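Just so you know, we're using numbering that gives the first Met the number 0 here: the sequence shown kicks off at 0 and counts up by one. C-beta atoms are modelled at their ideal positions from N, C-alpha and C, and glycine is treated no differently. Bear in mind the structure is a predicted one, so any value in this text is a computation, not a measurement. The structure appears below as structure tokens.
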Amino acid sequence: MSQKEGKPLIIVESPTKARTIGRILGKQYMVEASVGHIKDLPERELGVDIEGGFIPKYVLIKGKEKVVQRLRKLSKEAPRIYLASDPDREGEAIAWHIAEEIADGGKEIHRVLIHEITPRGVQEALKQPRGLQENLYRAQQARRILDRLVGYKISPLLWRKVKRGLSAGRVQSVALRLICEREREIEQFVPEEYWSVTAELEHPEKPPAFKARLVKIAGRKADLRSEEEAKEVLGRLQGAEFVVKEVRRKEIRRRPSAPFITSTLQQEASRRLRFSVKKTMALAQQLYEGVELGELGHRGLITYMRTDSVRVAHEAVAAARKLIAEAFGEAYLPSRP
């Protein structure tokens, strides 16, 4: 890069992400943030031409004028521009709208996908730039149009017919329907009485005690449908001699769980930590964009969290295998990942 030539410009959507990437790349690049979306449908009108093929009317979001002006100014100084918003449909829409605002003749504008905000992840992404993906952008448009149509058209109807303040949504309305259907199934369920018998057994000379559940009676499945039946079986078992006929020992190998995808991350965070989806995704976003790690600086700690892929990068697998071998020995490594 010559001294007269400007620095390449990288545009992301988050100031935190910009700060992390800026520290990784140093002074060779300019890294700026759009602070989220710069365009959206207008607030005070539908913003969708239903008769004209559901064409959306995007406008600059109020308050984003200075951000866009700065991005335009910096883009004119840069020989190359990299749009590095998140690698999903929302990120693609942000990149698309930024490109519309800063397009300047023959200026090079590239799209890069940063799946992990680490030195290696950022450098690899910059080596593999691509063009904007229209299909992904159209997918975001469809999502946004549906949100607007459902919310704009149905919410007022709910206010008039049900209760003021209620809202309808592309996802929440369908989810509510599923919940209602499930609740009706629960209400229609006819419970059946069922009893089980469990004995706690212990050899006087060979502790410890263990529990055994009655599963068969006279070779048939133990199907106890009343308290009387259960008590009758208990009476027959009182004072009986129990014999352990066989002890089976076998080695069980349990494979580790697959890497998290969006849904399993949310499920485990809810089950183990009682986190809401919103809190889980906010924390994951922070871990992806980077946190301060003392001498290591600002580093991203997880790959991008909005995904349905369980693929792990070859470099990450190799690094994990190396760590296991050094810390625990080759015996703990499978012959292949």
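Query, Result
"Min CB distance residue 221 to chain B below 9 Å", "This model lacks chain B altogether, as it is built from one protein chain only."
"Residue interval of the alpha helix (DSSP H) (run including residue 60)", "Where residue 60 is concerned, there is no enclosing alpha helix (DSSP H), given that its DSSP letter is neither H nor E."
"Where the beta strand (DSSP E) containing residue 80 begins and where it ends", "79-82"
"For residue 6, the three-state DSSP class (helix, strand or coil)", "coil"
"Beta-carbon gap between residue 288 and residue 116 smaller than 9 Å", "yes"
"Opening and closing residue of the alpha helix (DSSP H) in which residue 118 lies", "118-126"
"Contiguous alpha helix (DSSP H) assignments of at least 4 residues, all confined to the stretch 124-170", "133-160"
"CB contact flag (residue 61, residue 46, <9 Å)", "no"
"Cα-Cα separation, residue 126 to residue 8", "15 Å"
"DSSP state of residue 53 mapped onto helix, strand, coil", "coil"
"Residue 12 vs residue 85 beta-carbon contact at 9 Å", "yes"
"Given residue 223 as reference, the closest of 197, 284, 247 and 203 once Cα atoms are compared", "197"
"DSSP state of residue 304 mapped onto helix, strand, coil", "coil"
"Residue 113 - partner residues in DSSP beta bridges", "DSSP, once it has assigned bridges, lists no residue as partnering residue 113."
"Given residue 65 as reference, the closest of 137, 100 and 77 once Cα atoms are compared", "100"
"Neighbourhood of residue 232 by C-beta distance below 8 Å, restricted to the same chain and skipping five residues each side", "196, 213, 216, 221 and 223"
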